[in-house]
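Reading through the structure tokens given below for one structure.
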Amino acid sequence: MSLKDLVEAYIDLDEEKVLKIAENLLKSGGDPAEIIEACRSATNIIGEKFERGEYFLSELILAGEIFNSVMRIVLPQLKKEIKPIGIIVLGTVQGDIHDIGKNIFKAFAEAAGFKVIDLGVDVPPEKFVEAIRDYKPDTVGMSCLLTAGIESMKKTVDAIKEASLRDMVKIIIGGGRVDKTTCEYTGADAWTNDAATGVRIILKWAEEKRGR
Amino acid sequence: MAKMKEPIDLWIERHEREPDVVAKEKFDRFLKAAELKVPDRVPVAGLFGDFLCEYTGITWYDLSYNLEKIRPAVLKFVHNFPSDWGIIFAPMMLEGFILGLAFADFPDFSNTIRFLTGPVHDILKDKWSQWPGREIKEDFHPQFRGGEFMKPEEYKQFIENPIEFIHGTILPRACPGLGTPGSPQWNAAWIKIGMTMQKIASFQAQLIAEIGKMGNIGFPLTNAYAPADVIGDFLRYPTGAMLDMKRRPDEFKMACEVLVEPILKIATAIPPVPPLTVFFAPLHLNEMLSPKLYNEFYWPHLKKIIETLVAKGYKGFIFFEGDHSPHVDTILELPKGWGIAWFERPKNFMEVWEKLKGHTAVMGGVPTSLLIGGTPEKIDEYIKDLLSKIKPEGGFILSPGVNELPKTTSVANVRAYINAALKYGVY
Ligand code: B12
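If you want it as structure tokens, here you go:
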């Protein structure tokens, strides 16, 4: 059983099979980093299938769960921690508890090599500010599905500005209620309605940062 | 110079002048549409939500708790924005079907306790919902949060005796206000809930009678639910439910199976009265599921419930939330004339209509975003075009995807929606 089988089983969302292959690969001396890479390419394809309407929310959720399960067995095997390509502080904004999309984005971002600090749901602006001080992330991600949450996003960006931390981070917003106008209104740097695009954006930012 | 009267103004005047005649017209109109026949005009569904609060100057707190303020606000709103048929939750209600299930064997109130109200929430302190002036601000819409109150390993116990499991395990977990089963607090809480429900029910009965006198109608309404949604909404959270379909498929199906009977008991607590008694069910997991999962874990049990109730003489009234397009074909498996399908935001409404017309009464067609962000001209034009495509076929009810509109919706837009129905809806 090869990495290719793993990717195939992953795209078929066969959780048991994915885990079995991952375990076998590890036992026979496979490189944990390569397994993570294989998962990354699988989630990529799953994200694209979702964008095309071939996959549904049920599949995305399962994809995220499979990723988490694989990580549970692979991470302890990593000889040295792979250096994350970036750190992202992520949360659903104050007043909003929708987290399905946020969790999917989290799994996708982790699969792409980011370290994600997940603040959970209904996160007040102060919490975001505190987390920026504590973790020094490159990026702040806010998820929002309620119209009422738009104000919370603006307040959060304002609080980050007030704490003089705005220049240290890029801010991306996502979730069903988010569009270009919201992005401008809240003062974020980018917005998206799908996790795959979100990951592409933060990857680009990470590249720009390395280039500097 | 006096402003020219629009169709809505003339209709309002008729409500004042001859409410009985207007009500009779509405009755026939809605009934015919539900029976797939051609009425005199396409019925137009009523609105509600933040828009009502803004227009009448009351808050969500008032609409949830303040019975004295609700009456004048609702009466004013119903007067100024007439419709052929509508539901206004006064006081405001949220999903609480699990409570109906808990008392499924008590038809005298299982159908009433199935909705959560603010005052009942104050007693239960349930974690399923949040209320204005309590957990959230007074001008916030009450919120359903749901949550995970059953562990995946507990399916077995649930399947063995769902009602007992709800009482013994779920309610104590989700409703701290109840305390320990059998304790004085527990017993007192249920008595208080009974008293509160009594008060609310008599308030509602009075309000409905008053609205009726103003030229409005209602058909007897009972409630049903999709078994898989009971699991997603109240027990395992939507994400948990979807994972269980993959990880514990047999248990998930069994759990749905054992829910069918209690759901039918709740629905039949209100007997079918001719010519029309509808059972309402909002669907939640539907749009999130792939057709494969929908057809295996969601539809079979829901279908059984619909078919059983239709055979008993009810008609269905199902709110297909989200984009139901991927699953629309399954509706054709139901007997022709089974009921009304209300669509929230199908990707392509006309496609859905073309598939279902002559088989299912269809409600919807107006994107909520158009009412919020459009102009009166755009709304007029859109509805004119829509109705020209739908008529002369009957079995259609004009409605936005959801009947709750935000505060920012303009009065002119809402009037344009009703005007357009009156102008272009005549067959
Ligand atoms: C599931 C759901 C719920 C569940 C939430 C479960 C959960 N843990 O999330 C429950 C039942 C609890 C719920 C409750 C409520 N809900 Co709700 N809910 C939905 C529903 C059906 C699906 C949302 C969803 O998960 N979509 C799928 C995910 C994958 O999409 P997504 O979030 O957009 O995420 C994608 C991208 O945007 C991106 N992404 C997401 N976040 C981020 C973040 C970053 C940084 C990046 C880069 C990308 C990214 O990645 C994802 C994958 O591509 C929507 C309807 C809809 N179809 O949108 C309503 C909806 C969002 N809910 C709504 C409402 C009103 C509520 C309630 C207020 C209802 C009520 N009155 O009780 C409460 C709110 C409670 C609260 N305080 O938040 C409204 C919002 C209306 C509005 N404009 O404000 C909607 C639109 C339904 C409707 N049409 O009315 N809801």
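Chains as they are written, first to last, in the numbering used here: chain A, 21 to 232; chain B, 872 to 1298. Ideal Cβ positions, reconstructed from N, Cα and C, are used throughout, including at glycine.
To the nearest whole angstrom, what separates the beta carbons of H1155 of chain B and G1111 of chain B, a pair I think is in contact under 8 Å?
-> About 13 Å separates the beta carbon of H1155 of chain B from that of G1111 of chain B, a gap too long to meet the 8 Å contact definition.
Answer yes or no: do S172 of chain A and G194 of chain A have a C-beta to C-beta separation smaller than 8 Å?
-> no
For D214 of chain A, is the beta carbon positioned less than 7 Å from some heavy atom of ligand 1?
-> yes
Can you grab the Cα-Cα spacing for the pair D25 of chain A / F134 of chain A, in whole Å?
-> Approximately 25 Å, taken between the alpha carbons.
Please name the residue or residues paired with I1079 of chain B in a DSSP beta bridge.
-> I1079 of chain B pairs with nothing; no bridge assigned.
Can you list, in chain order, the stretches of the beta strand (DSSP E) that have 3 or more residues and sit fully within the stretch 1169-1204 of chain B?
-> 1186-1191
Spatially closest choice to D199 of chain A from A:D154, A:T212 and A:P52, by CA coordinates = A:T212
Is A1292 of chain B near ligand 1, going by C-beta to nearest heavy atom under 7 Å?
-> With a cut-off of 7 Å, the C-beta of A1292 of chain B is classified as distant from ligand 1, since no heavy atom of the ligand falls inside that distance.
Contact list for the stretch 186-211 of chain A against chain B, Cβ threshold 8 Å | none
In three-state terms, what does DSSP make of S1306 of chain B?
-> Chain B is shown from 872 up to 1298; residue 1306 of chain B falls before or after that span and cannot be answered.
Using a Cβ-Cβ cut-off of 6 Å (strictly less than) and excluding sequence neighbours within five positions of K1255 of chain B, which residues of its own chain qualify?
-> Y1295
Residue(s) in a DSSP beta bridge with Q826 of chain B | Because residue 826 of chain B is not part of the residues shown, which for chain B are 872 to 1298, the question remains open.
Where does F974 of chain B sit, in a helix, a strand or coil, going by DSSP?
-> coil
Starting from M869 of chain B, trace the beta strand (DSSP E) both ways and give me its first and last residue.
-> Absent from the model: residue 869 of chain B. The displayed extent of chain B is 872 to 1298, so no value can be given.
Opposite V136 of chain A in the DSSP bridges: which residues?
-> For V136 of chain A, the beta-bridge partners assigned by DSSP are A:I108.
Less than 7 Å between the CB of T63 of chain A and some heavy atom of ligand 3, yes or no?
-> No copy of ligand 3 appears in this structure; the ligands present are ligand 1.
Give the secondary structure of M162 of chain A by DSSP, where H, G and I count as helix, E and B as strand, and everything else as coil.
-> The answer is strand: DSSP assigns M162 of chain A an E or B state.
So N1094 of chain B is in the alpha helix (DSSP H); what residue range does that whole segment cover?
-> Segment L1092 to N1094 is the beta strand (DSSP E) holding N1094 of chain B; no alpha helix (DSSP H) there.
Contained beta strand (DSSP E) runs [length at least 3] in the stretch 1085-1139 of chain B, N- to C-terminal order = 1092-1094
Positions along the stretch 1087-1118 of chain B whose CB lies within less than 8 Å of some CB in chain A = Going along the stretch 1087-1118 of chain B in chain order, one finds P1109, T1110, M1113, L1114, M1116, K1117 and R1118 with a Cβ nearer than 8 Å to chain A.
Euclidean distance between Cα positions of Q1075 of chain B and I1030 of chain B | 36 Å
Short check: CB of D142 of chain A to CB of L110 of chain A, under 8 Å?
-> no
Interface residues of chain A facing M1159 of chain B [CB-CB closer than 7 Å] = F76, L77 and S78
Could you tell me whether any non-hydrogen atom of ligand 1 is closer than 7 Å to the CB of R1016 of chain B?
-> yes
Is the stretch 960-976 of chain B touching the stretch 937-950 of chain B, taking contact as three or more C-beta pairs under 8 Å?
-> yes
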